[in-house]
Structure formats: structure tokens, C-alpha cells
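Chemist: Sending over a structure as C-alpha cells; questions will come in a sec.
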DNA sequence: CAAAAAAACGCAAACGGTTCCACTGGAGGT
DNA sequence: ACCTCCAGTGGAACCGTTTGCGTTTTTTTG
């Protein structure tokens, strides 16, 4: 069928071993033989069978990325595209392939990742999200498989991971609003079991506390990473007797919903309500008004994650050296928070 | 190291062949043996080695999707995320894995796809874009590898492909604008070597012709699938002595740029200029004003593509039955084109 | 110039499965 | 009681590579 190493060997009058050694340019192959074999390979259209190779070498030169539980919801987010782009670019650059997998629920995720790792189809995994108590992490950890987490785990603080300092990022964002004179600052959060929601909430609270401002329960709502969440949050906030004048929002996508809600209720951004959110996906600058956002370097997160993982799996002694890579963030101030509250 | 079929066999007191047969539940294995072997597999934590399996079965149960040339630009688009989501979902559902690959340029794409297919790492490929003269298509076609095209090829009309009827879609969109009373309708196109640009332009032209309207060269601009393109198009259009009153725009992302340009120049949408674009990515409904868009069922495109490909590779006699799947489109009319031109 | 060292290459055993073919034992047919 | 047939299983070759070790050839060296 397809031309194998043996065919090449026969044609070149050498042994298969020699051909193999030419392939991996082994030091003890003569210039001459190497040249000749390569020529014949070219001529016969030889391509190494990757499966056979990984069978014996016990390494697949590929990694997988596990999409979070409700891929249907979250996948919509530009966030993941950016991340994947970073991962794929880096991986391909290092000669690795990337395999994408998703599961309808956490159990299916575990099954998928088990099939992939246990079946030796991939060398390692990248997890795009860290839930509070993640079965996938448990699995990977207990089987001692190489993996890197984009985010962080509370249960295992010492994992190989790449993350944003979300507490600090939220702190900075909140402080920015405070510096504009706001005293009543609300927070629109994501799913409470996501570490990222918790961290950002924490930074928000810390900034308020440091400024001597009160943090009111009714100024905090939880939701999903969906536009609807922002929209619903608005009808709630705006019916309050005492409304927040500024909002920290857990994700840009939610901000879009907030924007729409505010618009429909007749409020102006930033005059009536100033807002700032996280991730700085493209499009934040295109909304009206353009959204202030904390750029967390998504592409970079993916790129770094891939790099860290591949470095680990390449390491022969397979010791996963735990390390937390923190990707720097920075505030992108745009119109949605370019308004200082008049002193009243 | 890891528990193999032989370990299980030994422990169960049967031969490896039998274990293998249990795995693929071969008809001629007794209930009893099957039960027992399965029990032992469970107990020992056996997982089949996928590489070994594909080495002999010559099938990998995985496909790859090739990201278009400048992944860095286009990847940004929500379009691809939706598509990939559809592909991955369907593939996983059919027990297939999906491998993502990108290349810096067309040659690298060919190399990647060659490595993957020739190296027997994947069974088939999905191409996300059809350029005018695509080397990847040439490669796949001439090597007789199974693949499906999302889009269409002019060179080979008879490929397995899934597509939108872009001519008709553009026709419908344009006709919609005409029905609102517009006579001066412009077109913002994408890269001219992309079939999709050409088709949409064709439909646009056809609708104009059918309505007896003129199609002026200066009302057509070409660009990229980028916001900037839309932005630039606006400064051009709006400096024309005779400006179009409505625009058909090749992609939603470009519309966002158009919107910004128009906003900065002080024009109102839809009163001064009505616009409609293609793809209906989420966020079209969130812009101000919400964008009219032709929904082309992106997720469905991906889902169908994956289905078609897997069906093909599963077919033993590997004959790729050419077929064009057309995914239906539909107009989503929103505020950006909800304005009838006053009779003047 | 012989011996030792180095260089270049071949042999064969893996890697973990699948599958064709052969073998066994019991059921059914005559 | 003998033959046939078939369900159930085992044996062994093979898929296409890699690699440790041994063998041959060449070069170096005393």
C-alpha cells in the first residue's frame, strides 16, 4: 500500500535500521549513506508512519485541550478561540499536534481525557478552566499525567498552571472606578463555582475595603458568562432603591448584556453608570460606547500553557515541575469608564 | 509499564486473541468468557493502546481540520469557533477525535496536511476555506484522501462539500434592501480570491440587475475580513459625490468597522445608511443598532461537514461520493435595516 | 604492520494490538 | 457409532518503527 521503511531499505541496499537512523539523523551514519537514503525516500515518496513510531517511542508528539463542560455555552466566547489560537500556534511551532475534545458533562470529560491519556493518544493535556472541585484534575493528578491548567486549583495549589492574577486585576479595575469618584460600586459575577469568579470578587472586595467603601450584598449578582446574565443583572440593579453608579463585570460578554439592559432602561454609559469588565476581547472597542476592559493576554495564556506543557512532556524523567506562570494584565480604559463623577 | 492485552489474557487464563475479540465483541465469544475478561480488564485498569490499534487496523478514528492561511487574522472571527464547535461536537459524538492544525502560509498548510494524512495520523480532513486555487485541495485530491470542503471549489466542482448558497443569500439580502426603497446599494467585499467573496458579489449583482438597478464600480470595495476594512470602506464611500444609501457587507465583523466609521463621520444607521451583512454571529444583536444579518447556520455547517467526512472514511471501499450539502440560510432583519426610504 | 579503537551498519526483538488459520470438543444427523 | 459441522478458542504472523547489541569495515596508533 503505502511505502515503508523496508521498501526504502531494500531499494537503497541497506537495512531498515539504517534507514531509521537516517531519519533520526543518528550520528553514526555516513554522509554518503545518508544522502543516498534521503534521495531514495524522496524518490519513492516515503512518509513515516506516525502511529508505528509512537507505538515504539511511547510518545505521540501531540497534546489535547479539553473544552469546559458546557462547551455549547462557553465556546461561543471569543475567549476560547484566542486561547486555542495561542495553543495551536505554539504547539505547531514545536512540532506538536493539538487535539480538541469536549464533553457534555464533567463525567464525559473524564472519560474523554482518560481515553486519550490512558490510550496513549496524547502526551499531555491542557485544561481551560478550573472549577472548584474538578474531577478531570483529580484524574490527571492521581494518574500522574502531565497537564497544565489555565487558571488555578484551590485543591492543589502546586499544579503546573498559567494564570492571570485575577485578584489583582479586579483590584486594579475597582480601584480605577474608585479613582473616578465612585462610592457605590457593584459587581456582576460569573458562575460561583468558577475560581475566576471567586478571585475577581475577592479583588473587588479588597479594593473596596482598602478605600473604606462598603460592599453590599445587593450590589453583587451571580450569573453565567452570557449576555443574558448581564441583561438580567440590570433589571435587578436598577430597581434597587439605592443603585450602584459603577460596575465591575466579570466578562466582556456579560458587559454587552449590561449595555443593552442599560440602554433599554434609558440609562447612559458612562454618565449614569460606568462599567469595566475583563478579558478585552476584540469587539470591546467596537461597542457603543467602547468598553473599558482588563486585558489579560489571552493568546499569551494559551501560548504559554502550550509551551509549559510541551516542555514538561519533553522532559524525559517526566517529573512535572510545578510552576505558576502569571501572565501580566493591563487596564484598557475606554469610554465606558471615562467619566469622573461630579462631586455632589 | 501500562497494562496490555497480554497481561489481561494471562490473568484470565485465555489467549490475547480472545481478549482482543472480547474488546471488539466478536460474535463467537461465549457469554461467560466475555464477562470474565471484561471483569479482569476493569479490575486491572486496562485501556486499549490506540496507537497499536491504528497501526494494524490502518484507521485512526480521527480527523483534522485545517485552519486557513493567516490563522492569526481569521481565527479571530467568531465564525471559526462556531464551525469548530459543530465539528468537534459531531465528531466526538461519532467517536472521532479532532485535530486542529494551522500553517503560516499555504505551503506550510500542505506540509501539515501531508504529514497528517501521509503519516496516517488522521483518516481525513476538513478544509474551512476555499481559495481560488488551493494547493491543499490539489494535494488531497491527487492523493485521493478523503476530505470535505466547507465552501466550494471552482476548479473541482464535484468535491464532497458543505456550503451555503452564497449567491442566493446575497441575492436575498440585496433584494431586502431594494424592497425598502433603496436604489443606490453598495457592496463591501472580502478578499477577492475567496470564493465566498465572489459568490456574494455575484448574488448582489444579480439582484440589482433583476431590479433594473445599476451596479457601479465605485460602490464596491474589497478588503479583508477585518473591522479595519469596513472602517476604511466608509471613508471611501462617504467621500463619493454620489453615496450609496444602503450596503451589503460580506461579513458581520466588517460591519462593525462600518458602523464605527459611520458613527465617527456622523451618519446614522439605518436612517442615513442601511446595512445588512452575513453570518449572524452572536453579537450582531448586541451592537447599536442591532445588525441585520443573513444567518447561514455556521454550527450546522461544521456539524454537517464532520458528519459527511466521517461517513466517508467509515465507508470501507473509501470511495468518496461527491455530494454538495447546502445548508439553508435565513435573513435576520434587525434595526440596521428596519427603515424604509422615504419616497423622494 | 599488527593490534586496538572507532565508525558504519545489520539482526532481531520489541511496542500492543488484530486477524487468518488451525484446532478442539460436543451437538446433531444418519 | 461415525461423520459433519460449528461454536469457541489458541497460535502466530503481521502492522511499521526503534534500538541494543553484535558484526564488519575502516582508521588510528604504537
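Chains as they are written, first to last, in UniProt numbering: chain A, 1 to 344; chain B, 1 to 344.
All residues carry an ideal CB built from backbone N, CA and C; glycine is no exception.
(1) State the DSSP-derived secondary structure class of residue 330 of chain A, mapped to helix, strand or coil.
(2) Taking 9 Å as the threshold (beta carbon to beta carbon), is residue 227 of chain A in contact with chain B?
(3) What is the C-beta distance between residue 109 of chain A and residue 66 of chain A, in whole angstroms, given that I count them as a contact (C-beta under 8 Å)?
(4) Who are the Cβ neighbours of residue 265 of chain A in its own chain at under 8 Å, not counting the five residues just before and after it?
(5) Quick one: is residue 135 of chain B buried, meaning 16 or more other Cβ sit within 10 Å of its Cβ, or exposed?
(6) Just reading off the beta strand (DSSP E) that residue 101 of chain B is part of, what are its end residues?
(7) Name, going along the chain, the residues of the stretch 265-283 of chain A whose beta-carbon falls closer than 7 Å to a beta-carbon of chain B.
(8) Residue 149 of chain A to residue 325 of chain A, Cα distance in whole Å?
(9) Shortest alpha-carbon distance to residue 132 of chain B belongs to which of B:194, B:190, B:334?
(10) Give me the chain A residues within the contact set of residue 48 of chain B, using Cβ-Cβ distance strictly less than 8 Å, ordered along the chain.
(11) Restricting to runs no shorter than 4 residues, where is the alpha helix (DSSP H) found entirely within the stretch 119-182 of chain A?
(12) On the DSSP letters alone, give me the boundaries of the beta strand (DSSP E) that residue 246 of chain A sits inside.
(13) Given residue 71 of chain A, which residues of its chain have a CB within under 7 Å of its CB, disregarding the five upstream and five downstream residues?
(14) Could you tell me whether any Cβ in chain A is nearer than 9 Å to the Cβ of residue 286 of chain B?
(15) Along chain B, which residues have their Cβ under 7 Å away from the Cβ of residue 88 of chain A?
(16) Smallest Cα separation from residue 60 of chain B: which of B:262, B:310, B:87, B:165?
(17) Determine the closest residue to residue 261 of chain B out of A:339, A:334, A:286, with distance taken between C-alpha atoms.
(18) Chain A beta carbons: is any one of them nearer than 9 Å to that of residue 52 of chain B?
(19) With a threshold of 9 Å between beta-carbons, can residue 345 of chain A be considered close to chain B, or not?
(20) Measure from the alpha carbon of residue 35 of chain A to the alpha carbon of each residue in A:93, A:12, A:165, then state which is nearest.
(21) Figure out for me which residue from B:118, B:48, B:16, B:175 has the closest Cα to the Cα of residue 2 of chain B.
(22) Between the stretch 208-227 of chain B and the stretch 252-259 of chain B, do three or more beta carbon pairs fall short of 8 Å?
(23) Measure from the alpha carbon of residue 282 of chain A to the alpha carbon of each residue in B:257, B:82, B:119, B:42, then state which is nearest.
(24) Please confirm whether residue 8 of chain B has its beta-carbon closer than 9 Å to some beta-carbon of chain A.
(25) How far does the beta strand (DSSP E) with residue 45 of chain A in it reach, from first residue to last?
(26) When the Cα atoms are used, what is the spatial distance from residue 218 of chain B to residue 115 of chain B?
(27) Could you name each continuous alpha helix (DSSP H) segment of 4 residues or more that falls completely within the UniProt domain "HTH lacI-type" (3-57) of chain B, going from the start of the chain to the end?
(28) Could you pull the start and end residues of the alpha helix (DSSP H) that residue 210 of chain B belongs to?
(29) Measure from the C-beta of residue 112 of chain A to each C-beta in chain B and report whether the shortest distance is under 9 Å.
(30) Residues in its own chain within less than 6 Å of residue 336 of chain B by CB, not counting five upstream and five downstream?
(31) Determine the direct distance from the alpha carbon of residue 263 of chain A to that of residue 301 of chain A, and round the result to whole angstroms.
(32) Taking all protein chains shown into account, decide if residue 199 of chain B is buried (16 or more other Cβ within 10 angstroms of its Cβ) or exposed.
(33) Three-state secondary structure (DSSP) at residue 296 of chain A?
(34) What number of angstroms, rounded off, separates the C-alpha of residue 279 of chain A from the C-alpha of residue 308 of chain B?
(35) With DSSP as the reference, label residue 325 of chain B as helix, strand or coil.
(36) Hey, how far is the Cα of residue 220 of chain B from the Cα of residue 175 of chain B?
Modeler: Looking at the atomic coordinates:
(1) strand
(2) yes
(3) 6 Å
(4) 234, 235, 238
(5) exposed
(6) 97-101
(7) Residues of the stretch 265-283 of chain A with a C-beta atom less than 7 Å from some C-beta of chain B are 282, 283, listed in chain order.
(8) Going from the Cα of residue 149 of chain A to the Cα of residue 325 of chain A covers about 10 Å.
(9) B:194
(10) Per Cβ cutoff of 8 Å: 119.
(11) 135-142, 166-179
(12) 246-249
(13) Note that residue 71 of chain A has pLDDT 45, beneath the 50 cutoff, so the model's placement of it is unreliable and the number below is only indicative. Closer than 7 Å at Cβ, skipping near neighbours: 102.
(14) yes
(15) 100, 102
(16) B:310
(17) A:286
(18) It does: the Cβ of residue 52 of chain B has a partner Cβ on chain A nearer than 9 Å.
(19) An answer regarding residue 345 of chain A cannot be provided, because it is not within the stretch 1 to 344 covered by chain A.
(20) Out of A:93, A:12, A:165, A:12 has the C-alpha closest to the C-alpha of residue 35 of chain A.
(21) B:48
(22) Touching, yes, given that three or more Cβ pairs across the two stretches are closer than 8 Å.
(23) B:257
(24) no
(25) Neither: residue 45 of chain A is in no beta strand (DSSP E) and is coded neither H nor E.
(26) 45 Å
(27) Counting only runs of 4 or more, we get 5-12, 16-23, 31-44, 50-57.
(28) 195-210
(29) yes
(30) Excluding residues within five positions, the ones whose Cβ falls inside 6 Å are 269, 270, 275, 289, 291, 292.
(31) 33 Å
(32) buried
(33) Of the three classes helix, strand and coil, the one that applies to residue 296 of chain A here is coil, per DSSP.
(34) Rounded to whole angstroms, residue 279 of chain A to residue 308 of chain B spans 36 Å at the Cα level.
(35) strand
(36) One Cα belongs to residue 220 of chain B, the other to residue 175 of chain B, and the distance between them is close to 17 Å.
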